[in-house]
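Each residue of the sequence shown is one higher than the one before, starting from 27 at the first, in my numbering.
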Amino acid sequence: MVGRIPVMDVTPLVDLGRQPAKATVGEPFPVTASVFREGHDKLGAEVVLTGPDGVRRAPVRMTKHAEVPDLYEAWVTPDVGGAWTFEVHAWSDPVATWQHAAGLKVPAGVDVELMFTEAGLLLDRVLASIDPAHPGAVLAKKILTGASKAAADTKRPPAARLAALESPEVTEVLAAHPLRELLTVEGPYPAYADRAKALFSSWYEFFPRSEGAKKNAKTGQVTSGTFKTAAKRLDAVAAMGFDVIYLPPIHPIGEVNRKGPNNTLDPGPDDPGSPWAIGSKDGGHDAIHPDLGTFADFDAFVARANELGLEVALDLALQAAPDHPWVTSHPEWFTTRADGTIAYAENPPKKYQDIYPVNFDNDPSGICQEVLRIVRLWMSHGVRVFRVDNPHTKPVAFWEWLLTEVRRTDSDVLFLAEAFTRPAMMRGLGAIGFHQSYTYFTWRNAKWELEEYLKELSHKTDHLMRPNFFVNTPDILHAYLQYGGPAAFKIRAAIAATGSPSWGVYAGFELFEHVAVKPGSEEYLDSEKYQIRIRDWAGAEADGRTLAPYLTRLNEIRRAHPALQRLRNVAIHYSDDENILVFSKQEGEDTVIVVVNVDPHATRETMVHLDLPALGMHDNDSFVVHDEITGEDWTWAQHNYVRLDPHHEPAHILSVRRTR
Numbered sequence: 027m028v029g030r031i032p033v034m035d036v037t038p039l040v041d042l043g044r045q046p047a048k049a050t051v052g053e054p055f056p057v058t059a060s061v062f063r064e065g066h067d068k069l070g071a072e073v074v075l076t077g078p079d080g081v082r083r084a085p086v087r088m089t090k091h092a093e094v095p096d097l098y099e100a101w102v103t104p105d106v107g108g109a110w111t112f113e114v115h116a117w118s119d120p121v122a123t124w125q126h127a128a129g130l131k132v133p134a135g136v137d138v139e140l141m142f143t144e145a146g147l148l149l150d151r152v153l154a155s156i157d158p159a160h161p162g163a164v165l166a167k168k169i170l171t172g173a174s175k176a177a178a179d180t181k182r183p184p185a186a187r188l189a190a191l192e193s194p195e196v197t198e199v200l201a202a203h204p205l206r207e208l209l210t211v212e213g214p215y216p217a218y219a220d221r222a223k224a225l226f227s228s229w230y231e232f233f234p235r236s237e238g239a240k241k242n243a244k245t246g247q248v249t250s251g252t253f254k255t256a257a258k259r260l261d262a263v264a265a266m267g268f269d270v271i272y273l274p275p276i277h278p279i280g281e282v283n284r285k286g287p288n289n290t291l292d293p294g295p296d297d298p299g300s301p302w303a304i305g306s307k308d309g310g311h312d313a314i315h316p317d318l319g320t321f322a323d324f325d326a327f328v329a330r331a332n333e334l335g336l337e338v339a340l341d342l343a344l345q346a347a348p349d350h351p352w353v354t355s356h357p358e359w360f361t362t363r364a365d366g367t368i369a370y371a372e373n374p375p376k377k378y379q380d381i382y383p384v385n386f387d388n389d390p391s392g393i394c395q396e397v398l399r400i401v402r403l404w405m406s407h408g409v410r411v412f413r414v415d416n417p418h419t420k421p422v423a424f425w426e427w428l429l430t431e432v433r434r435t436d437s438d439v440l441f442l443a444e445a446f447t448r449p450a451m452m453r454g455l456g457a458i459g460f461h462q463s464y465t466y467f468t469w470r471n472a473k474w475e476l477e478e479y480l481k482e483l484s485h486k487t488d489h490l491m492r493p494n495f496f497v498n499t500p501d502i503l504h505a506y507l508q509y510g511g512p513a514a515f516k517i518r519a520a521i522a523a524t525g526s527p528s529w530g531v532y533a534g535f536e537l538f539e540h541v542a543v544k545p546g547s548e549e550y551l552d553s554e555k556y557q558i559r560i561r562d563w564a565g566a567e568a569d570g571r572t573l574a575p576y577l578t579r580l581n582e583i584r585r586a587h588p589a590l591q592r593l594r595n596v597a598i599h600y601s602d603d604e605n606i607l608v609f610s611k612q613e614g615e616d617t618v619i620v621v622v623n624v625d626p627h628a629t630r631e632t633m634v635h636l637d638l639p640a641l642g643m644h645d646n647d648s649f650v651v652h653d654e655i656t657g658e659d660w661t662w663a664q665h666n667y668v669r670l671d672p673h674h675e676p677a678h679i680l681s682v683r684r685t686r
């Protein structure tokens with residue numbers, strides 16, 4: 027039922043409050059509601075957070091939206107991880123009602139003494155409501171007592187008496203100790219605060235079998251890398267400032283229908299196959315490919331990563347090769363076609379003859395328990411982050427169950443949804459518990475597309491899903507990178523690293539790998555999904571043919587600026603050029619302005635127009651900005667000239683040093 031003071035359209039709500047809204051420890055999130063009442067009396071509203079410990083935090087006063095009538099908003103911040111709730115409290119505000127009436131009547135000489143008599147009665151009520159144990163109670167009572175005496179002093183002019191009641195000191199005390207009549211409470215509504223890495227992280231993906239692999243100069247035979255050799259690459263990854271190292275599946279690879287180079291169906295005897303074709307005579311999801319090493323080797327790899335400040339993210343791909351142990355022990359877990367064969371995976375026109383999808387409807391209980399067992403096995407070996415392959419091809423209810431079970435005992439374990447699919451599914455997966463989500467960022471390259479997408483992710487779906495901007499993946503080499511040259515790689519990295527709190531890079535990006543298997547395809551030529559790729563990291567560094575220093579600088583900037591570690595603080599600004607993207611992010615005193623030329627082929631000159639009120643400034647303010655990439659300083663104002671040469675430096679990442 028509607029309360030005495032109506033409170034409607036509360037946000038953030040996920041699935042009508044059946045699922046918790048996304049929150050992160052230390053990250054403010056907005057609560058809004060339509061609050062109104064009959065007549066002309068004033069009202070007040072606030073948000074009350076209750077922590078996982080059941081203790082209510084201090085109320086946060088809501089303020090009216092500048093443009094939307096009757097919309098109130100407050101930003102609240104969870105200070106510990108776990109399950110939170112929030113309530114919206116609304117009330118009739120007799121003090122504000124009096125202030126409004128007195129401001130009109132007293133100057134006009136209408137009901138002057140009556141207004142001051144009512145003021146005295148209201149102040150008496152506020153004085154009686156102040157808890158003596160409240161910090162500042164003595165001073166508050168002293169201020170109100172003095173104001174009450176001044177209001178009652180008929181020897182003073184009415185304007186002076188009113189001024190005493192409207193002083194900043196009195197106003198502050200009245201705001202801290204509001205009188206609440208007809209109190210209405212809506213809620214509680216759920217929110218869940220995850221650890222900081224659920225929001226802010228920098229991912230690097232590599233295939234362990236490629237790191238440290240060797241090719242025999244005489245025979246051409248390639249020897250797989252191992253966890254021991256791959257561990258040597260971790261120092262370079264950490265040095266670039268990444269804090270998550272993501273590994274594609276590390277399990278035994280099927281031999282039946284194994285794929286050859288470039289997804290061909292005629293592999294040679296030494297072709298390693300796709301890691302996503304999981305399972306062979308050597309085991310399934312709970313085993314390690316013999317070429318990579320043992321569980322002891324994996325444990326050592328995880329330990330070394332942790333020493334360097336890296337968390338290991340493991341791929342969770344719930345599918346099986348035709349020779350996976352499940353196919354024999356649990357044939358009911360798959361779909362049998364009319365001809366008696368098991369259906370392999372298809373995403374027309376793509377065919378994956380080396381992969382059998384799991385049918386979750388045939389034995390849901392058995393499959394659920396097996397997957398939970400596998401997840402907990404890898405958790406016991408130090409894995410606290412999982413990148414989930416194609417979660418949109420499995421039942422959402424299954425993921426809700428699995429993530430709830432893991433969160434119940436290990437709330438620090440994070441899951442990233444690799445779901446390039448319909449918006450409803452992507453948002454649904456975020457709603458039921460996935461901590462991060464792949465996005466459409468790879469396909470958003472024009473200025474207008476990026477503007478709309480940044481606004482959507484930061485202000486429209488932020489309560490449902492947290493984005494992770496991967497600049498490339500083993501599956502996706504966008505035409506922008508194929509034909510944009512090295513400038514395209516810098517542009518995409520700069521936007522990803524500053525536009526989203528979490529971003530990711532697949533190995534080879536820093537070497538400008540850009541050749542597709544054929545025109546019109548987003549598949550890499552000689553894709554690492556089907557063969558081992560040996561990269562000359564040292565040679566590229568010696569010759570300067572690497573983007574690693576730029577990626578390093580981007581991650582340094584991210585760590586130095588809290589504004590870049592938040593999602594909900596994006597503001598879009600304007601330029602006169604359709605290829606110059608301008609946005610800002612602000613957290614407390616930290617303000618970062620990003621200006622990027624999204625045209626990798628041409629220098630662009632234009633005027634940039636900043637929405638200074640969105641930055642907490644006045645339209646006539648000027649201020650010093652520091653370019654975090656080049657180290658240069660400039661004085662900026664509302665309107666600024668920029669020239670960005672993509673072949674030299676396509677982006678300004680500007681921190682605001684001071685106003686003038």
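Even glycine gets a Cβ: it sits at the ideal position worked out from N, Cα and C.
G319 carries a coil assignment under DSSP once its states are collapsed to helix, strand and coil.
L455 counts as buried, since no fewer than 16 other beta carbons sit within 10 angstroms of its beta carbon. In the structure shown, F496 adopts extended strand secondary structure according to DSSP, grouped into three states. Take the alpha-carbon of L200 and the one of A173: they are about 11 Å apart. By the criterion of a C-beta distance shorter than 6 Å, A364 is surrounded by no residue of its chain, once the five residues flanking it on both sides are discounted. A residue is called buried when at least 16 other Cβ atoms come within 10 angstroms of its Cβ; R594 meets this threshold and is buried. Residue environment analysis places E212 among the buried positions, since at least 16 neighbouring C-beta atoms fall within 10 angstroms of its C-beta. Pairwise C-beta distances place the stretch 489 to 497 out of contact with the stretch 184 to 192, as fewer than three of them are shorter than 8 Å.
Only residues of its own chain outside the window of five on either side were considered, and among them G510, V622, N623, V624, P626, P672, P676, A677 have a CB closer than 8 Å to the CB of I517, listed in chain order. Straight-line measurement puts the Cα of R470 at about 38 Å from the Cα of H350. With respect to the C-alpha of L318, the residue from I276, L153, V353, E613 having the closest C-alpha is I276. The alpha carbon of P417 has as its nearest neighbour, out of P383, Q508, L636, the alpha carbon of P383. Taking 8 Å as the upper bound for CB-CB distance, T111 and A219 are not in contact here, some 11 Å apart. I381 and A514 have their C-alpha atoms some 34 Å from each other. Residue pairing from DSSP places N623 in a beta bridge opposite I606. With a cutoff of 8 Å on beta-carbon distance, P46 and A222 are scored as not near each other. Judged by DSSP in its simplified three-state form, D67 adopts coil rather than helix or strand. Listed in chain order, the beta strand (DSSP E) elements of length 3 or more contained wholly in the stretch 324 to 369 are 337 to 342. Exposed is the label assigned to W474, since fewer than 16 other Cβ atoms lie within 10 Å of its Cβ. Ranking F324, L336, D552 by CA distance to the CA of A262 puts L336 first. Under the DSSP assignment, E431 falls in the alpha helix (DSSP H) whose first and last residues are 422 to 435. Cβ atoms of F226 and S528 come within 8 Å of each other, at about 6 Å.
Contact between L641 and T617 holds, with the beta-carbon distance rounding to 6 Å and staying under 8 Å. Of the residues assessed, H315 falls on the buried side of the cut-off, its CB having 16 or more other CB atoms within 10 angstroms. C-alpha of V102 to C-alpha of A84: approximately 10 Å in a straight line. Here F321 is exposed, its C-beta having fewer than 16 other C-beta atoms within 10 Å. About 6 Å separates the Cβ atoms of I679 and I583, confirming a contact at the 8 Å cut-off. Under the 10 Å beta carbon count, S250 is surrounded by 16 or more other beta carbons and is classified as buried.
Unbroken beta strand (DSSP E) runs of no fewer than 3 residues, entirely contained in the stretch 445 to 502, are found at 494 to 496, following chain order.
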